[in-house]
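S.K.: Residues 7 to 223 (the numbering used here) make up the sequence shown, in order. We put the CB at the ideal spot given by N, CA and C, even for glycine. Structure incoming, see below.
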Amino acid sequence: MDAFLAQLWIARWPLFDGFLLTIGISVAAIVLGTLVGAVVGISLVFAPKLARLPFVVYVDVMRGTPVLVLILAAFYIPAVLGLSLSATQAGVLALALFAGAHIGELLRGALQAIPPGQAEAGRAIGLTFPQLLAHVLLPQAVRMALPPWINTGVELIKGSSLLSMIGVGELLLRTQEVIGRNFMTIQFYVFAGLAYLLVNVVLDTIGRTIERRLGTR
7 MDAFLAQLWI ARWPLFDGFL LTIGISVAAI VLGTLVGAVV GISLVFAPKL
57 ARLPFVVYVD VMRGTPVLVL ILAAFYIPAV LGLSLSATQA GVLALALFAG
107 AHIGELLRGA LQAIPPGQAE AGRAIGLTFP QLLAHVLLPQ AVRMALPPWI
157 NTGVELIKGS SLLSMIGVGE LLLRTQEVIG RNFMTIQFYV FAGLAYLLVN
207 VVLDTIGRTI ERRLGTR
């Protein structure tokens, strides 16, 4: 144990930097994914049938493709097309697209679960569609979609560990680099696992607090 603690102290800053990068990537991906998912979910419910088709294809492709494949595609395909993305940017893009598809489906289901009479009542009092969406439909849909949205955030944090495959210096890659120097494989992988668990527990706790405040439980 003393030897592990000594090595942990030596490696504290690289591991801390990797931990912060993991958090930053996860937050960026969930924010962008939520924005994409909002557009996708609303379009799946309210867009004309032909305009809805690209969103249906996007959701089916993203949800049916493994996250690692999406990460590799986001890293290599832009380079082939002449676009310059760093490994971190490609990772955030892949995770955001993955999250956008899942959040879009969550929002679609939540919007369709709202009784039609509420929309009819809003139109009856003269609300425009944007007003109806902002003041009647979305607040209710967000309450219903919040618990699975938290689960999506947890999946993104775990999925961020796959970015080590394209050289992103997040927590897992930094852990592997440390192990390569001291060969304390089990100890440092357990440490990394506990760090991921801590973040997920904090996120889940925040989500439950928000749920209680919004009256979703």
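Keeping to the same chain, check which residues put their C-beta closer than 7 Å to that of V51; ignore five residues upstream and five downstream.
M.R.: R114, L117 and Q118
S.K.: With three or more beta-carbon pairs closer than 8 Å as the criterion, would you say the region 161-170 touches the region 128-142?
M.R.: no
S.K.: For the alpha helix (DSSP H) holding F135, just list the boundary residues, first then last.
M.R.: Per DSSP, F135 belongs to the alpha helix (DSSP H) from F135 to L138.
S.K.: Beta carbon of I172, beta carbon of L78: below 8 Å?
M.R.: Taking 8 Å as the Cβ cut-off, I172 and L78 qualify as a contacting pair.
S.K.: Which of helix, strand or coil does DSSP assign to V174?
M.R.: coil
S.K.: Among G30, L59, E217 and L99, whose alpha-carbon lies nearest the alpha-carbon of P145?
M.R.: E217
S.K.: Rounded to a whole number of angstroms, what is the C-alpha to C-alpha distance between Q193 and Q182?
M.R.: Straight across, the Cα-Cα distance linking Q193 with Q182 is about 11 Å.
S.K.: So, helix, strand or coil for F197, using DSSP?
M.R.: helix
S.K.: Check the C-beta distance from A198 over to L179 and give it rounded, since I have them as a contact under 8 Å.
M.R.: So it is not a contact: roughly 10 Å between Cβ atoms.
S.K.: Report yes if the C-beta distance between V46 and A107 is below 8 Å; otherwise report no.
M.R.: yes
S.K.: Does DSSP put T71 in a helix, in a strand, or in coil?
M.R.: coil
S.K.: Could you tell me which of W19, G123 and L168 sits nearest to L74, measuring between CA atoms?
M.R.: The alpha carbon of L74 has as its nearest neighbour, out of W19, G123 and L168, the alpha carbon of L168.
S.K.: Relative to the C-alpha of V67, which residue among S92, I31, G213 and F104 is closest?
M.R.: F104
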